Every structure is written in structure tokens, then in C-alpha cells.
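Protein chains in written order, with the numbering used here: chain A, 8 to 417; chain B, -7 to 335. C-beta: ideal position from N, C-alpha, C; glycine also. Quick caveat, the model's predicted, so the values are computed rather than measured. First the structure, in the form of C-alpha cells, and then the observations on it.
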């Protein structure tokens, strides 16, 4: 295979149109990178047509910066990657057209050669240098993330929101009536007030709430709608392993590569060209998120993580629902998760942790110190709110409405 | 050290983090370890695994004392001699004096190294209880309905076809050796709630029948964390906590083991930190961050100082030379250093 310095416009002939244009426009920067990094950049660039606007912007800014760097600064930034020795076998892979497969082989190689820590250090240094150089724009308005847990659970003995409490105020006497409607109205209002493509999201662990339909500017994703696609994914994988295995075994890398190559059409996800980016995102969630095909709680947590990481929305509403009970994996992979007995207590524990992870993921984004986060035990009076306007690590037993809590967070 | 001492090694082939175990907020999940075992144990707070964080390859590294480099999902034996080979060759012990009870994902090759030059044929017998149950379900007259939950195999990549099983001991041979019918085995399985309980049940039979001097069991239930369901991960930890106490009770109530057995308990590694951006917290162990590499070890036995905590960092590969020093057999190719606090 070619070395990065030998990249030409024709090298990207198999890329989708926007990805090809992007790669060609940034060819000088790509040619200067060490193989290990250029392959990782291309893994993202090849998806350019289906990236969210924020991702496209970040990728462009990254390569603009590299293209403008003088030789000494550039070489210094690349040095940790250049120092990692790669095998001839890796260099022989088609890392231009198949960067995802290269990445999988690279990871296995780095682990086997005990170089994974070195690689992580190099990646972190690179990321920090980028962040420093490309100081994030301040967000137009503080981000809001709202999470609800315990949908349909009448009561619990679980001590909820313990991990979040040190960062916010725990309200224990909030009037739960019309709480959901108030929160949905807040989401809708923000979507109208701060119009931004893929800037406002609602991720639902069951059927999406009727109140979300027709809300302008709100991207809606629900587990119930994606279950058929997850089942289709398993069916395709079975076909693949049976076909490729021929009675023998199929390597985990081959399975991973096959999964990574699935697209919305493969999984039966229909839509218009206008929501093509969302359909690809849904495929990524289903194919890259372990467990989110079978457990709705995992689905909401992982989708919220990916949404925050990739789309970097101004508003996210993540609503956990009950997941099916645990079962042998072969049953979990074969049955309809929406038609099974549920595990409410387990789901609440999952969602409690999922809410905490969602807060952590929001905290990684620009403007974190001004971000707002609210988690509610749905249908009950317990709310934990994190906001620069509220005290940390305190509990309020005063009666309040959901609307008041939101107002106190502003 | 007395000549006939025995050692039981309990590893968790599903990493557990401090946060869900020995950190203050995790201690509610391990009441047996905290209240029953720690007061009798020397507890090492830091055991660092510098190798590949996959369960089979990491457990194999624990067993060889060298960080093995093979593909975690490959159907291969450890490259370097195992502690079982060192033990049997060094002390001239018969085949039934060392056994491994392991989850079924790939562990079937862990008893004997692939090298073949150091001690060919001196490996341990390996039992994969889930494979035995699967075989029993095919043979027994009992209605197998409802036992499939004990057959859960690989949580790490549920879509991966497990490797073929070649080397582990077969059902008919084991049931004959243990004087246990396939029907008995299946009937008992019906009273259990997890695959790890099945492993402990098999372990109990092995102890009664052969009283092996070096017994190694790997528990796996907590690796359900890979599905992302935190509640199931916690459930797995709590069950493992209970099973560790049961194993110690089995040792203490068996005249062949009582007062002559050292038990070592250690997870193979941890899981990713909540704050590592490239990971997803407890769900996986892919980042190689310090939390995923650092775990603990507990040692109990008649010659182990009780109620002591050791904070210096150990290395995972210290286990094999320590076992060798404890039981008086050489481990010439193993890396690491004997852990003086247990000798």
C-alpha cells in the first residue's frame, strides 16, 4: 500500500461525494501525517457526508490548523505518533479505502505489542494540543440536559441520584403532576428559541411521547422505533457468520468490520434525504453500542452519550424506560424486547447510573460550567438539579412545581 | 511451609472496579468479603495488570507469570509454561492434583502451554461447567427447560462465534470420575441461579473427590457489564461476593483442606473509569486507563497474617512466582517477584 506522502486525489475515489471533496481539499495536511494518525482522521473523514454539522466543523478546523502549521510545530505534534512502530502487515492494509478495518487491526496490534498506553498518551496529547489551539467557541446559550428515570415505577427503596447530589440540589417534594408536559414544553420552547440543525434532541427508551410530535427543530429517536432495525442487524449477522464461517469460526475482527459496513438500507431504516444523517447515526448507535440492541436502558444511555459527543446539542431530553428482564444471550438476541416481562427495579438502577453518565458526558462539552442538568424520578417528587444558580450538595424539602425548579435553574 | 499445603486461586474473569467493590461507596456490594474474609486476610490494595485487558489472555497471563500477547478471542494455549506445569513437574504431582474450573469462552486451553518444551503433558485438567451442562442437557432425561440461563457464554462480544472446544475434559469422563450422573448434575443445576454457582458446585465435587493441591477457579458472572446494564453488573458482583465466602467455607469445612489451604482472590483487572472519555465507564475495559489496570488481591490461610492491608503496588505477574515460593516449586520462566507478605 501507499505511504501517506503518496496520497493523491484519486486515492479517495471510493469515498462518498462530500468526503471525497473534503479529503482532496485537505490533501497537503493528510500527506504530512504519520500513517497511524492519517488513518484515524480518514476513518472520520470517510463518514463526512453523514457527520453532524458540529463534527464537520471540528474536522475542518482541525485540518485547517494542521495545514497552516510550520514544519517544526507540525513535526513536534506528530512525533508521539511517529514514534510508534507499526508492523509491515499493518502498512500493507488498504488504510485509505478501509480506515475502519485498519483501525480495528491497529488496536489489536497495539494491545499485543504493549503499545496501547503509548498510543493513548499520544492521542491525548494531540487532543489537548488541538483543544488549546482551537479554543472552543462559547455556546449561544447554556446547554440543558434533562433526564427522566423510572417511567411507570410506582415506588422504590433505591437511594437515587447519589452520584449527582454533590454537584447539585436534590428536591424531594416536587409536584409530579404534568411534570412530563412541562419538561417537553421546555424542550420545544428551546428548540424554537435557538434554532440549530441537530441542536435539540429527544431520546426515548420506549415509544416517543405524543407531545414530541411535530415539534419544530426537535430530533427524535426512540428505542421502540429502532427495535426492528436491531432485530434485522442480528439476522444479518447470523447470515454473515453462517456464510463466512462455513462450519468453522469467524474472527471477531471480521464480525466487527461487517457490522461497521452496515447502512440504513441494510437495517431497513427508511427516511428522506433530509434525515439521512440521523439514519446513519441510528445505525451507528445500533452497531457500535454493545447491549443497546437488547436493553432499552443501555440504548438511552449510549445514544445520549453519542449524541452529546457528536452532535453537541444545546438541548437533550433523555427518557429512560423499563428494559426487558435478563435472559440467556441467545434468547435476548432472538426475541422481541418490547414483548417481554420487564425488570423495573433493575431498569431504575441502570437509569440512575445512565443519568450520571449523561451528566459526565455533558460536562465534557464547551461551556460546561454554565450547563444545566436535571434528572427526575418520573411521576414522583424527586428531582436533582445541577446549575450554577443552585447550591451543590444540598437537599430541599420545600414543595415546588417542576416549572419553579426549571426557573430556579435559569 | 508444611509439605502438604494446598492453594486455591479464585480469579474474576470479569473485571470489577474499586468503586463497586472496596471503595466506600462499593462496600455495600461485598458484605461477605468485607465482614467475613477481610478480617482473616492480608489485603493488597493495588495489583496492576500491565498486559492485554481481555479476560482469557489476562487470566492466562496470571497463570503463566508472563504477559501473554495472543488474540483474546483466539483458540490458542498460553505461549509460556503455566503454573500448573511448574507445579506438577516441580513437585512430581499426578494429573488430578491440579484442576482449573473456568468459564467457557476460550478458557479450555488454559491448563497447558503451547510451548511444549518445558513440561509437555504436565498441564492441569480443565473443566468448563457450562459446556458440561450443555452436554448433560443433551443426554439427560430431565426436562431441560429453564436451564439455558446457566449457559451464558461470552459477554464481551456476544456476536462472536466461540472457539471450538477441544481440550477440556468431557462430560462422560468427568461424571464418571466424580461419581456423578448426568441426571444428578442437571437436577442440581436446576437449583442454581447462575453459571458461577455451577462452577462452584463442580469445584466442590472436585475437592471431595480428588482434593487437588492446586485448584484454580475463574468466576465470570459480573462480566455481564458488557451489556451496559449496571444493575446486572452489580448483581454479578454481589453473587461473586457470596460465592467467595462459600468457597472459603468449603475449604474450612473439608478436613483435606482445613488449616492447610491458602486462598488467593483477585480480579484479572478492573474496568474503565467513569471519567475516561474514550470509554463508557463500567461497561468495558478498553481504555487501558489506570482504573482498568488496577485491582486488588486478598490472601487467606493459616500462614497468612490476618487483618492486614498492604498498599504497595503488586504486578499481576507476581502471582506465579508467589505460588511457586509458597508451594516450593520453581517457576524459572515466570516474570514478576514473589510477594513476600504472604510467604
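Residue i - containing beta strand (DSSP E), residue span
i: residue 123 of chain A; result: Premise fails: residue 123 of chain A lies in the alpha helix (DSSP H), 123 to 140, not in any beta strand (DSSP E).
i: residue 403 of chain A; result: 401 to 403
i: residue 379 of chain A; result: 379 to 384
i: residue 90 of chain B; result: 90 to 93
i: residue 326 of chain A; result: 322 to 326
i: residue 229 of chain A; result: 226 to 229
i: residue 207 of chain A; result: 207 to 211
i: residue 285 of chain B; result: Per DSSP, residue 285 of chain B belongs to no beta strand (DSSP E); it is in the alpha helix (DSSP H), 282 to 285.
i: residue 259 of chain B; result: 253 to 259
Helix, strand or coil at residue i according to DSSP, with G and I counted as helix
i: residue 428 of chain A; result: Within the shown structure, residues of chain A are numbered from 8 to 417, placing residue 428 of chain A beyond reach of any answer.
i: residue 199 of chain A; result: helix
i: residue 336 of chain B; result: A question about residue 336 of chain B goes unanswered here, because the residues of chain B that appear run from -7 up to 335.
i: residue -3 of chain B; result: coil
i: residue 106 of chain B; result: coil
i: residue 300 of chain B; result: strand
i: residue 71 of chain A; result: helix
i: residue 164 of chain A; result: coil
i: residue 80 of chain A; result: helix
i: residue 45 of chain B; result: coil
i: residue 162 of chain B; result: coil
i: residue 410 of chain A; result: helix
i: residue 103 of chain A; result: coil
i: residue 65 of chain A; result: helix
i: residue 152 of chain A; result: strand
i: residue 10 of chain B; result: helix
Cβ neighbours of residue i in the same chain (closer than 8 angstroms, five flanking residues each side left out)
i: residue 23 of chain B; result: 233
i: residue 156 of chain B; result: The pLDDT assigned to residue 156 of chain B is 39, lower than 50, so where the model puts this residue is not dependable, and the model offers no usable value.
i: residue 251 of chain B; result: 294
i: residue -2 of chain B; result: 203, 204, 205, 206, 207, 248, 249, 252, 253, 254
i: residue 297 of chain B; result: 34, 333
Residue i: first and last residue of the uninterrupted alpha helix (DSSP H) it sits in
i: residue 81 of chain B; result: 75 to 83
i: residue 307 of chain A; result: 303 to 313
i: residue 232 of chain B; result: 222 to 245
i: residue 284 of chain A; result: 283 to 295
i: residue 26 of chain A; result: 24 to 32
i: residue 174 of chain B; result: 174 to 181
i: residue 202 of chain B; result: 187 to 202
Proximity test, residue i beta-carbon vs the ligand GDP heavy atom, cut-off 7 angstroms
i: residue 101 of chain B; result: This structure simply doesn't include the ligand GDP, nor any ligand for that matter.
Cα-Cα separation between residue i and residue j, rounded to whole angstroms
i: residue 120 of chain B; j: residue 95 of chain B; result: 6 angstroms
i: residue 335 of chain A; j: residue 341 of chain A; result: 10 angstroms
i: residue 411 of chain A; j: residue 99 of chain B; result: 57 angstroms
i: residue 307 of chain A; j: residue 358 of chain A; result: 9 angstroms
i: residue 158 of chain A; j: residue 352 of chain A; result: 11 angstroms
i: residue 416 of chain A; j: residue 169 of chain A; result: 19 angstroms
i: residue 122 of chain B; j: residue 177 of chain B; result: 11 angstroms
i: residue 329 of chain B; j: residue 10 of chain A; result: 44 angstroms
i: residue 139 of chain A; j: residue 92 of chain A; result: 27 angstroms
i: residue 299 of chain B; j: residue 259 of chain B; result: 20 angstroms
i: residue 224 of chain A; j: residue 338 of chain A; result: 38 angstroms
i: residue 76 of chain B; j: residue 26 of chain B; result: 30 angstroms
i: residue 126 of chain A; j: residue 366 of chain A; result: 28 angstroms
i: residue 136 of chain B; j: residue 259 of chain A; result: Confidence is the limiting factor: at residue 136 of chain B the pLDDT is only 44, short of 50, which leaves the residue's position unreliable, though a coordinate-based value still follows. If I take the Cα positions, the gap works out to 31 angstroms.
i: residue 97 of chain A; j: residue 1 of chain B; result: 39 angstroms
i: residue 349 of chain A; j: residue 236 of chain A; result: 21 angstroms
Cβ shell of residue i (< 7 angstroms), same chain only, five flanking positions each side left out
i: residue 400 of chain A; result: 172, 173
i: residue 266 of chain B; result: 273
i: residue 327 of chain B; result: 57, 58, 309
i: residue 238 of chain B; result: 192
Own chain, CB closer than 6 angstroms to residue i, minus 5 neighbours either side, in chain order
i: residue 196 of chain B; result: 242
i: residue 406 of chain A; result: 180
i: residue 83 of chain B; result: 321
i: residue 123 of chain A; result: 117
(request) Quick one: which residues of the region 24 to 41 of chain B get their C-beta closer than 8 angstroms to a C-beta of chain A? List them in chain order. (result) Cβ contacts with chain A: none found.
(request) Would you list, in chain order, the members of the region 227 to 238 of chain B that have their beta-carbon closer than 7 angstroms to a beta-carbon of chain A? (result) none
(message) Any C-beta of chain B within less than 8 angstroms: which residues of the region 293 to 314 of chain A qualify?
(response) 296, 297, 298, 299, 301, 302, 304, 305, 308, 309, 312
(request) Output, in sequence order along the chain, the residues in the region 361 to 378 of chain A whose CB is closer than 8 angstroms to any CB in chain B. (result) Residues of the region 361 to 378 of chain A with a C-beta atom less than 8 angstroms from some C-beta of chain B are 361, 363, 364, 367, 371, listed in chain order.
(request) Below 9 angstroms between beta carbons is the criterion; list the residues of the region 51 to 74 of chain B that meet it against any residue of chain A, in chain order. (result) Using a CB distance below 9 angstroms, the part of the region 51 to 74 of chain B facing chain A consists of 59, 61, 62, 63, 64, 65, 66, 67, ordered along the chain.
(request) Taking a Cβ distance cut-off of 8 angstroms, strictly less, list which residues of the region 104 to 120 of chain A are near chain B, in chain order. (result) 115, 118, 119, 120
(message) Counting only Cβ-Cβ distances shorter than 9 angstroms, please list the residues of the region 270 to 296 of chain B near chain A, keeping chain order.
(response) 270, 272, 273, 274, 275, 276, 278, 279, 280, 281, 285
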